[in-house]
Amino acid sequence: MSDVPRGRPRIQETADDIVASVLATAGARVGTSDFSTRRVAALTGLSQPVVARSFARIRTGGSPPGHAAGVPREGTPPPRAAALSRASPPLELAEFRVAFPRIRIRFRPAASPAAPGEARAAQRRAAAVMAALWVSGAADWRAAGTGTTGEAPTTRAADGSSVRAGEEPEALWDPDGGGTWPEFLAAAGHALQRCAPSLEAIPGDLLRLLASRAGRGLHGVDWRRGMARKRAANSESDVLAVPEFPAPQQGPPGTDRRGPGRWLPRQQLSVTEQIAIALRKEIMNAGFRAGDRISPAPLAAHMGLPAGTVRSAMGRLADDGLLAVTTRGFGVPAVTGADVIDLYAARLHVGMVLIRALAARPRHHLLPARLALRAVEAAAAQGTSADVDQADLHFQQELADASGLGQSSRSFHALTLRVRMFISVLQLDYSPAVDRIVSDDRRLLAAVAAGRTEEALRVWRGKLDNAVRHMSALSPESFDADLWERLSR
Numbered sequence: 002m003s004d005v006p007r008g009r010p011r012i013q014e015t016a017d018d019i020v021a022s023v024l025a026t027a028g029a030r031v032g033t034s035d036f037s038t039r040r041v042a043a044l045t046g047l048s049q050p051v052v053a054r055s056f057a058r059i060r061t062g063g064s065p066p067g068h069a070a071g072v073p074r075e076g077t078p079p080p081r082a083a084a085l086s087r088a089s090p091p092l093e094l095a096e097f098r099v100a101f102p103r104i105r106i107r108f109r110p111a112a113s114p115a116a117p118g119e120a121r122a123a124q125r126r127a128a129a130v131m132a133a134l135w136v137s138g139a140a141d142w143r144a145a146g147t148g149t150t151g152e153a154p155t156t157r158a159a160d161g162s163s164v165r166a167g168e169e170p171e172a173l174w175d176p177d178g179g180g181t182w183p184e185f186l187a188a189a190g191h192a193l194q195r196c197a198p199s200l201e202a203i204p205g206d207l208l209r210l211l212a213s214r215a216g217r218g219l220h221g222v223d224w225r226r227g228m229a230r231k232r233a234a235n236s237e238s239d240v241l242a243v244p245e246f247p248a249p250q251q252g253p254p255g256t257d258r259r260g261p262g263r264w265l266p267r268q269q270l271s272v273t274e275q276i277a278i279a280l281r282k283e284i285m286n287a288g289f290r291a292g293d294r295i296s297p298a299p300l301a302a303h304m305g306l307p308a309g310t311v312r313s314a315m316g317r318l319a320d321d322g323l324l325a326v327t328t329r330g331f332g333v334p335a336v337t338g339a340d341v342i343d344l345y346a347a348r349l350h351v352g353m354v355l356i357r358a359l360a361a362r363p364r365h366h367l368l369p370a371r372l373a374l375r376a377v378e379a380a381a382a383q384g385t386s387a388d389v390d391q392a393d394l395h396f397q398q399e400l401a402d403a404s405g406l407g408q409s410s411r412s413f414h415a416l417t418l419r420v421r422m423f424i425s426v427l428q429l430d431y432s433p434a435v436d437r438i439v440s441d442d443r444r445l446l447a448a449v450a451a452g453r454t455e456e457a458l459r460v461w462r463g464k465l466d467n468a469v470r471h472m473s474a475l476s477p478e479s480f481d482a483d484l485w486e487r488l489s490r
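Take the position in the sequence shown, starting the count at 1, then add 1; the result is the number in my numbering.
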């Protein structure tokens with residue numbers, strides 16, 4: 002008989018996934034009161050005792066999703082880790098490296114003493130590191146091939162950890178190595194528990210990096226203590242802002258969202274969507290206007306894709322009205338005032354359907370939208386008006402996906418692609434609207450989370466009314482207020 006659990010997942014296991022997603026994306030702020038068990042319970046709609054158990058289970062690596070069998074009892078160190086005496090000097094993280102399909106976490110004796118008053122925050126930082134592993138999906142990684150990793154040889158312990166000369170603990174996940182994922186988590190969790198009770202033991206720059214990669218399987222994480230970080234990988238905007246957003250995933254293989262990372266915002270893009278992004282950037286950067294020709298060849302060379310692939314994708318965009326077709330090929334589409342009103346009227350009404358459905362759903366479905374709202378706030382504080390606009394559209398799509406209405410969510414996504422193209426063609430500047438966008442998004446999420454449907458609908462209608470008037474101001478025709486009034490009733 003299969004070991005795969007059947008039927009409805011147990012509440013605690015589902016809660017573990019939800020809480021892990023919150024902690025993994027918190028960044029360096031995880032040690033603040035914003036991420037206490039009480040605050041996380043209020044954020045997710047889970048009870049505080051359930052959240053507290055999730056914190057403990059995640060921090061110790063106990064019973065990760067899908068691996069209940071053979072996992073050490075919660076709080077029980079793995080065999081090799083038990084041999085490392087608690088009388089040993091406290092540790093600090095020295096290296097966290099992801100080189101698919103391997104993950105290496107290395108520790109060393111702490112250089113800084115324990116800091117009074119930082120023990121609780123340090124525990125939450127350890128939980129955030131474990132949460133990033135929990136939602137990474139690395140349990141299902143398989144080695145891409147054989148060969149050496151180019152790293153110094155290590156002696157692997159039976160629990161998935163390994164030890165270098167000098168007894169510096171190291172947790173290593175290697176699908177070829179014979180250890181199991183639960184053993185790796187338990188080894189990493191035990192070593193993190195041995196870290197000094199200070200913020201310096203688990204630095205904030207590592208937490209920010211892990212948060213920025215939590216929705217991408219931790220790919221690209223290569224952190225070493227003291228190593229200079231690239232600004233893009235270290236900035237809060239990289240942690241929070243997601244400039245483009247993919248279509249809602251559907252049912253075919255490869256789109257299963259039942260794993261531990263299913264509560265994170267989705268970040269996979271199709272080739273067509275990647276090309277749409279490149280096209281919009283080209284239109285903005287080159288100052289193209291309606292009717293200007295766009296050639297597939299330079300775009301293909303820039304993206305490193307075959308010209309035929311780019312041409313086919315541009316054809317699909319043209320079929321959707323996102324590009325114009327001319328006798329010479331593809332061109333920038335014209336945007337009229339009537340087009341803008343048509344687009345926003347459709348978006349208004351589809352959004353109202355989604356909001357009505359969303360307001361009746363459990364609050365934990367709003368977690369990706371809450372993370373997306375943080376991206377809007379970070380973009381407003383640190384980014385450009387274009388960053389705010391893109392983060393706002395991302396936030397709206399997360400709300401749509403949380404509604405549980407697959408057809409309406411996909412329709413909303415198609416409208417979002419059109420909005421993005423219109424913004425590029427009209428060269429819109431949202432600088433004057435940044436504060437209002439942030440305020441509207443906060444009010445909208447608060448109303449939906451509280452189940453205040455009519456209030457949420459009023460906020461949504463006002464948000465779209467402002468948006469259509471802002472976009473229409475730059476269209477070639479004057480704004481037809483009567484048409485908008487008729488279509489938006």
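Beta carbons: idealized from backbone N, C-alpha and C, even for Gly.
Where residue i sits in the DSSP three-state scheme
i: L429; result: coil
i: V326; result: strand
i: W485; result: helix
i: F480; result: coil
i: L92; result: strand
i: W182; result: helix
i: V568; result: As displayed, the chain neither begins before 2 nor continues past 490, which places residue 568 out of reach and without an answer.
i: P369; result: helix
i: P110; result: strand
i: A158; result: The predicted position of A158 is uncertain, since its pLDDT is 40 and thus under 50; a value taken from the coordinates is nonetheless stated next. Looking at A158 - three-state DSSP - the assignment turns out to be coil, as it is neither helix nor strand.
Contacts around residue i, its chain only, beta-carbon distance under 6 Å, and the 5 residues preceding and following it disregarded
i: W142; result: P102, P176
i: F396; result: A373, L374, V377, D442
i: T26; result: A212, A215, L372
i: A381; result: V389, V435, V439
i: D17; result: S55, R58
i: M422; result: L323
i: F289; result: V333
i: A116; result: S199
Per DSSP, the bridge partner or partners of residue i
i: L173; result: R105
i: I295; result: F331
i: G419; result: Note on identity: in this sequence residue 419 is Arg, with Gly being the wrong assignment. R419 is not bridged to any residue.
i: A100; result: R103
Option nearest residue i by Cα separation, candidates the options
i: L406; options: R357, A451, D388, A381; result: R357
i: M131; options: G178, G118, S386, E184; result: E184
i: R364; options: T33, A43, G309; result: A43
i: A360; options: P433, V449, G352, T385; result: V449
i: L92; options: G180, L173, A189; result: A189
i: D430; options: A447, T385, L446, A457; result: T385
i: P90; options: A133, A197, Q383, P297; result: A197
i: L306; options: I342, Q275, I106; result: Q275
i: H303; options: A140, K282, R40; result: K282
i: F331; options: G309, I342, D293; result: D293
i: T61; options: A100, I104, T33, A21; result: A21
i: I106; options: V311, S313, R226, Y345; result: R226
i: L193; options: G338, M228, Q124; result: Q124
i: A128; options: E169, V23, H350, D223; result: V23
i: V99; options: T337, V136, L173; result: L173
Close Cβ partners of residue i (< 8 Å) along its chain, the five nearest in sequence each way excluded
i: R362; result: A403, S404, G405
i: D483; result: none
i: L355; result: L400, A401, S404, L406, S409, S410, F413
i: T38; result: Q49, V52, A53, F56
i: G452; result: A360, A361
i: R30; result: F36
Spatial neighbours of residue i in its chain, beta-carbon cut-off 7 Å, leaving aside the 5 residues before and after
i: I284; result: V333, S425, V426
i: G148; result: Because G148 sits at a pLDDT of 39, beneath the cut-off of 50, its placement in the model cannot be relied upon, and the point is left open.
i: D257; result: Annotation note: pLDDT 42 at D257 (below 50); position unreliable, no value reported.
i: L134; result: L186, A189
Check: residue i C-beta below 6 Å from any heavy atom of the ligand FAD
i: G205; result: With respect to small molecules bound, the structure shown includes none, and the ligand FAD cannot be examined in it.
Would you call the stretch 357 to 376 in contact with the stretch 411 to 430, where contact means no fewer than 3 C-beta pairs closer than 8 Å? no
Contact between the stretch 95 to 112 and the stretch 193 to 213: three or more CB pairs below 8 Å? yes
Does the stretch 447 to 463 come into contact with the stretch 312 to 323, if we say contact requires no fewer than three beta-carbon pairs (one atom in each stretch) closer than 8 Å? no
For the pair the stretch 386 to 396 and the stretch 46 to 65, tell me if three or more CB-CB distances fall below 8 Å. no
Is it true that the stretch 431 to 451 meets the stretch 467 to 475, where meeting means three or more beta-carbon pairs spaced less than 8 Å apart? yes
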